[in-house]
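A.B. asks: First residue of the sequence shown: 1, per UniProt numbering; consecutive thereafter.
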Amino acid sequence: FLAQVLDDKNVRRRFRASNYQSTTRVKPFICTMPMRLDDGWNQIQFNLSDFTRRAYGTNYIETLRVQIHANCRIRRVYFSDRLYSEDELPAEFKLYLPVQNKAK
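1. Taking the alpha-carbon positions, what's the N71 to D38 distance?
2. For V26 versus A3, is the C-beta distance shorter than 8 Å?
3. Quick check: S64 and V5, are their CB atoms within less than 8 Å of each other?
4. How should D87 be labelled, buried or exposed, when 16 other C-beta atoms within 10 angstroms of its C-beta is the threshold for buried?
5. Going by DSSP, which residues form a beta bridge with T32?
6. Using the three-state DSSP reduction, which class does T52 fall into: helix, strand or coil?
7. What's the C-alpha gap between Y84 and R75?
8. Provide the residue span of the beta strand (DSSP E) that contains I74, from first to last.
9. For Q45, collect the residues of the same chain with a Cβ closer than 7 Å to its Cβ; drop the 5 residues on either side in sequence, then sort them by chain order.
Encoded structure:
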């Protein structure tokens, strides 16, 4: 997926996360990062403010665009003012994993 943000220098920057890259690369207008997913459903939290500060030394202002490729099955995408713990999330935002019965 790809997220484009605007920083406090009025520069549009892109962050691309994919499972086909093995290293993180930071270029002036794009930062590409590897992303490993487990089998089944995954929950991804992407702190755009932190990534903007760490990659470019600038402050995140706003998200301009989010692009999710067609080969992904998405349940929900949401933005928040901070990272919330699992206990703070509404029930519809939580990822419930199936219970596996142990064979005796």
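Quick reminder that beta carbons are idealized off the backbone N, C-alpha and C, glycines included.
C.D. replies: Let me spell this out:
1. Rounded to the nearest whole angstrom, the C-alpha separation of N71 and D38 is 15 Å.
2. Their beta carbons are not under 8 Å apart, which means V26 does not touch A3 by this criterion.
3. In the sequence on display, residue 64 carries Leu and not Ser. Result yes, Cβ atoms of L64 and V5 sit closer than 8 Å.
4. Sixteen is the threshold: since fewer than 16 other Cβ atoms of the shown chains lie within 10 Å of the Cβ of D87, the residue is exposed.
5. Answer is R16, R25.
6. Reduced to three states, the DSSP call for T52 is helix.
7. So the two alpha carbons sit approximately 18 Å from each other.
8. DSSP places I74 outside any beta strand (DSSP E), giving it a letter other than H or E.
9. Once the five neighbours on either side are set aside, the close Cβ partners of Q45 are L83.
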